[in-house]
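Trainee: Numbering (the working numbering), first residue to last: 803 to 1013. The C-beta atom is built at its ideal place from N, Cα and C for all residues, glycine as well. As the structure is a computational prediction, the values presented were derived from the model and not from experiment.
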């Protein structure tokens, strides 16, 4: 059973937009509220997308991010990434928007997740080789991910059949124009080695890397 009726989900906004972040956080909160979590469990989830396009930071929005957390017996979440959440053990990511935006719209289960991770490693390695320096995106170095069994099972429920939080988030996402003309894999991961020099430089600027 997938839990969430996927046919009811409609796209609400671009990856990292306020509309999308609010919707994703709401889905995460609902999933964990419906889950049978151990008493006393404290856990947080947050994703921060750096160097997001200005259109995604309209109004008084300071960062592109969303979160949800379990604390003091309550499940809460929303737009942003408050320190209260990021201080909790859990899963906390801070990464360039362009590095993961496009492929986040692809739906998959365990096999697809593994393939995406491999393709992203290739992307990051090709960028490093092009620039002649290691880890130019500054990946890694964050807190160790903590996934209690009950949390992982709840958020991943039905992922092999098209459900689970990732596939819900993918279903809420609409395409971003920056990737319309870029070479990508079937999962949507940009293929840096197949870009023209101008597109490589443009993509690097999207990632906040000046050359």
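With distances taken Cα to Cα, identify the nearest neighbour of residue 993 among 942, 926, 953, 978.
Mentor: 926
Trainee: From residue 918 to residue 964, what distance separates their C-alpha atoms?
Mentor: 16 Å
Trainee: Helix, strand or coil for residue 814 per DSSP?
Mentor: coil
Trainee: Whose CA, out of 922, 945, 949, lies closest to the CA of residue 937?
Mentor: The alpha carbon of residue 937 has as its nearest neighbour, out of 922, 945, 949, the alpha carbon of 922.
Trainee: Look up residue 866 in the DSSP assignment and say whether it is helix, strand or coil.
Mentor: strand
Trainee: Between which two residues does the alpha helix (DSSP H) containing residue 1054 stretch?
Mentor: With the chain covering 803 to 1013 only, the question about residue 1054 has no answer from this structure.
Trainee: Go ahead and pull the three-state DSSP assignment for residue 804.
Mentor: Residue placement at residue 804 is flagged as unreliable, the pLDDT there being 49, under the threshold of 50; the coordinate-derived value follows with that caveat. Looking at residue 804 - three-state DSSP - the assignment turns out to be coil, as it is neither helix nor strand.
Trainee: Could you compute how far the alpha carbon of residue 976 sits from the alpha carbon of residue 939?
Mentor: 25 Å
Trainee: For residue 859 and residue 866, which I take to be in contact (beta-carbon distance under 8 Å), what is that distance rounded to the nearest angstrom?
Mentor: 7 Å
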